[in-house]
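The structure under discussion appears below in the form of structure tokens.
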Amino acid sequence: MAKNIAEQIVEMLENAHVKRIYAVTGDSLNHLNIAVKKSSIEWIHVRHEEVGAYAAAAEAELEGFAVCAGSCGPGHVHLINGVYEAHKSHVPMLVIASTIPSDEMGMDYFQETNTIKLFDDCSHYNQMITRPEQVQRTLQTAMQHAISKKGVAVIGLPGDVSELDAEEGSTSKQLFKTNPVIRPSDEELKSLADLINESKKVTLYCGIGAEKANQEVIELSKHLKAPVGYSFRGKMSIQPGNPNEVGLTGLLGFPSAYAAMHEADLLIMLGTDFPYQKFMPVKNKIVQIDESPERLGRRAKLEMGLAGDVKETIKALLPLLQEKADVHFLNEQLAFYDKVKENQLAYVKDFGKEDAIQPEYVAHTLDQLAKKDAIFTVDTGMCCVWGARFITGTGERKMLGSFNHGSMANAMPMAIGASLTYPGREVIAMCGDGGLSMLLGDMATIFQYKLPVKLIVFNNRTLGMVKLEMEVGGMPDNETDMINPDFAMVAQAMGYPGKNVHKPEEVENAIKECLAYDGPYLLNIFTNPNALALPPKIDFDQVLGMTKSMAQLMLGGKMEEVLDTVKTNYKHIKGLW
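Structure below.
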């Protein structure tokens with residue numbers, strides 16, 4: 001019996017070693033659904049397509065490729081946020097956007113959306129299949145684009161086309177995963193080596209593009225006596241075993257990394273597209289090395305911009321470098337980093353009080369109790385701050401988040417994808433109460449697939465990061481409060497244990513119990529809503545803005561909240577000046 005187009009697509013996905021498709025089934029996706037049922041691929045029935053796209057993005061980051069799908073109209077629109085996430089994070093993902101019948105296109109049909117226009121801004125490849133002869137070439141090209149360009153590829157698939165008889169094509173069907181060696185030319189390397197050799201104080205700053213170069217970065221830093229800073233996405237791979245690390249910079253970072261970057265004669269940026277221009281130095285020389293040359297120079301004024309894989313570039317560069325003997329600059333930066341870490345522990349030692357548990361203490365305790373190969377997912381907002389500052393890279397741990405797209409509600413969906421990808425690993429979602437509330441329904445997906453995900457809710461009853469943004473902007477926070485359901489009871493209604501933690505002395509045992517449980521578990525921790533993390537470099541305008549907002553709160557009769565905010569954050573402010 002001849003196979004139809006849906007079966008042909010699934011067969012090609014099987015050959016590309018796709019293990020699952022995240023989707024909500026229905027109408028135009030039904031033929032694909034049935035084809036998947038007859039295959040080795042698992043259909044993961046999420047409650048919301050956005051969750052499916054986020055879960056696929058997590059799998060793609062961990063495994064190198066993943067697939068999600070959405071049916072016509074609303075299904076496409078629901079996918080879009082998670083699709084942006086994958087594309088902006090440069091992870092290879094295929095989106096199957098099934099559509100209305102092909103003969104109804106352009107007629108304002110029920111649930112009609114134009115997939116070419118809709119996904120144009122968040123994909124490297126975006127085409128519609130309308131004839132059987134197209135299928136093999138279009139799908140193979142889509143997957144090749146996703147893998148090679150590291151981003152999203154979209155194929156539109158009308159429901160009526162998916163049930164047509166398949167036709168064999170004359171071009172390749174398989175997926176080619178290439179691994180070329182890319183580094184700067186010998187001439188460029190020589191110029192870079194000359195620049196490094198003549199510079200007295202060198203700092204390395206690494207991003208996710210240096211993920212596979214941990215040992216090479218360490219060797220280079222030892223050779224140059226250079227402190228090593230890193231981006232949030234680079235932390236888990238750059239921090240482990242690195243004696244010269246000085247933390248991360250940016251909105252979530254430490255003053256130590258900021259200082260090391262600004263006080264160097266030469267800053268070498270390795271595999272990072274760090275977006276915050278205001279945190280970049282302007283008085284020293286900067287070199288950027290990235291495998292994507294189109295990114296060179298768009299964040300800072302460069303002395304040199306070079307295209308190359310970080311690992312291969314360092315290996316080729318090292319023989320050309322003179323080993324530096326002066327350790328004064330490095331030791332100075334490491335000593336400052338030690339003081340910063342000591343200051344951070346001041347938060348950990350202050351446990352907080354009932355219904356105002358310090359989130360730093362919670363994150364630190366979680367870091368101490370989690371396994372060395374745990375996978376963490378962090379919600380955008382204050383959970384990113386606690387993850388960035390208190391979760392330690394071991395060389396085996398992973399941390400996933402919406403680091404480039406910056407969307408709320410990503411932690412729980414990404415934990416679903418991570419747990420399905422690595423069923424034997426401990427998966428911990430650090431959820432904000434605002435983020436978890438957005439996509440609450442897919443807590444049921446965790447139970448349906450018996451995923452042992454641990455949901456740690458930092459329940460501060462507010463949109464904490466937004467509150468901080470308003471206050472440093474000189475505005476009293478408004479409409480940032482959250483009136484939440486009892487998340488522990490919600491978990492129980494979904495089918496697994498949930499526990500509320502109100503007192504600091506309950507935190508450690510509660511986390512131990514949660515992590516030890518064989519199955520999904522939600523821990524709802526009532527954290528301090530006035531714990532506001534300030535960036536590593538505070539501008540006078542930010543101090544003035546905070547002062548103005550505190551004054552307005554006092555005039556509004558909220559004196560108790562003002563005092564609590566100041567007392568909560570005085571250690572951090574003191575440590576920065």
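For what it's worth, UniProt numbering labels the leading residue of the sequence shown as 1, then goes sequentially.
Glycine included, every Cβ here is placed at the ideal spot set by N, Cα and C.
**Study point:** For G169, the three-state DSSP class (helix, strand or coil)
**Key:** coil
Check your understanding: Name the DSSP beta bridge partners of T462, please?
Key -> D481
Point to revise | Boundaries of the alpha helix (DSSP H) in which Y347 is found, first to last residue | key: H328 to K349
Check your understanding: Distance, Cα to Cα, V362 vs K349?
Key -> 11 Å
Point to revise | R299 CB to nearest heavy atom of the ligand COA below 6 Å | key: With respect to the ligand COA, the structure shown offers nothing to examine, as it has no ligands at all.
Point to revise | Between the CA atoms of W43 and V93 - distance to the nearest angstrom | key: First, the residue type needs correcting, since residue 93 is Met and not Val in the sequence shown. Roughly 16 Å between the two C-alpha positions.
Check your understanding: Looking only at C-alpha atoms, which of P504, E50, L267 and N214 sits nearest to V287?
Key -> L267
**Study point:** Environment of I483 [buried if 16+ CB atoms lie within 10 Å]
**Key:** exposed
Exercise for review: Identify whether A153 lies in helix, strand or coil by the three-state DSSP scheme.
Suggested key: strand
Exercise for review: Report the three-state DSSP secondary structure of E42 (helix, strand or coil).
Suggested key: strand
**Study point:** Through-space distance from M269 to residue 585, alpha-carbon basis
**Key:** Nothing can be reported for residue 585: it is not among the residues displayed for the chain, which extend from 1 to 577.
**Study point:** Rounded Cβ spacing between A260 and V246 (contact assumed at less than 8 Å)
**Key:** 5 Å
Exercise for review: Please check if any C-beta of chain D sits within less than 7 Å of the C-beta of V24.
Suggested key: Checking the listed chains, one finds no chain D in this structure; it contains a single protein chain.
Check your understanding: Between E59 and F274, what straight-line distance do the alpha-carbon atoms span, to the nearest angstrom?
Key -> 23 Å
Check your understanding: Under 7 Å between the Cβ atoms of N524 and N460?
Key -> no
Point to revise | Per-residue burial, Q126 [other beta carbons within 10 Å of its own, 16 or more giving buried] | key: Note that residue 126 is Asn in the sequence shown here, rather than Gln. Classification of N126: buried, given that the 10 Å Cβ count is 16 or more.
Exercise for review: Pick out whichever of E312, D355 and Q322 has its Cα sitting closest to the Cα of A193.
Suggested key: Q322
Practice item. Could you tell me the boundaries of the beta strand (DSSP E) in which R20 lies? Key: R20 to A23
**Study point:** Euclidean distance between Cα positions of M494 and I357
**Key:** 26 Å
**Study point:** Separation of P359 from I538, as counted between CA atoms
**Key:** The predicted position of I538 is uncertain, since its pLDDT is 48 and thus under 50; no value can be drawn from it.
Exercise for review: Please state whether DSSP places Q174 in a helix, a strand or coil.
Suggested key: coil
Point to revise | Pick from Q140, L189, K200 and K201 that is closest to S172, judged by C-alpha positions | key: Q140
Review point. What separation, rounded to the nearest whole angstrom, lies between the Cα atoms of N15 and K37?
Key: 16 Å
Exercise for review: With distances taken Cα to Cα, identify the nearest neighbour of residue 578 among C122, Q8, K278 and D309.
Suggested key: There is simply no residue 578 to check, as the chain begins at 1 and stops at 577 in what is shown.
Practice item. Pull up the DSSP beta-bridge partners for G229, would you. Key: Y205
Exercise for review: Taking L400 and M414 to be in contact with their CB atoms under 8 Å, please state how far apart those CB atoms are, rounded to whole angstroms.
Suggested key: 5 Å
Check your understanding: In chain order, what residues of the same chain have a beta carbon less than 8 Å from the beta carbon of V217, not counting five sequence neighbours either side?
Key -> L204, C206, A210, V228, I238, N242, L270, V310 and I314
Review point. What do you get for M382, buried or exposed, if any count of 16 or more other CB atoms within 10 angstroms of its CB means buried?
Key: buried
Check your understanding: Going along the chain, which residues of its own chain have a beta-carbon closer than 6 Å to the beta-carbon of G575, five neighbours each way excluded?
Key -> Reliability fails at G575, whose pLDDT of 45 lies under 50, so the model's placement of it is uncertain and the value that follows must be treated cautiously. So the qualifying residues of the chain are N343.
Review point. Which stretch, first to last residue, makes up the alpha helix (DSSP H) that contains C384?
Key: M382 to F390
Exercise for review: Report yes or no: do three or more beta-carbon pairs, one from the stretch 64-71 and one from the stretch 128-137, lie closer than 8 Å?
Suggested key: no
Check your understanding: Where E7 and H262 are concerned, what is the direct C-alpha to C-alpha distance, given to the nearest angstrom?
Key -> 57 Å
Exercise for review: Could you please give me the residues that DSSP links to M399 through a beta bridge?
Suggested key: F376
Exercise for review: Give me the Cα-Cα distance between I416 and L451, rounded to the nearest whole angstrom.
Suggested key: 7 Å
Practice item. Quick one: using the 10 Å Cβ neighbour count with 16 as the cut-off for buried, is A2 buried or exposed? Key: exposed
Practice item. Report yes if the C-beta distance between N404 and S170 is below 7 Å; otherwise report no. Key: no
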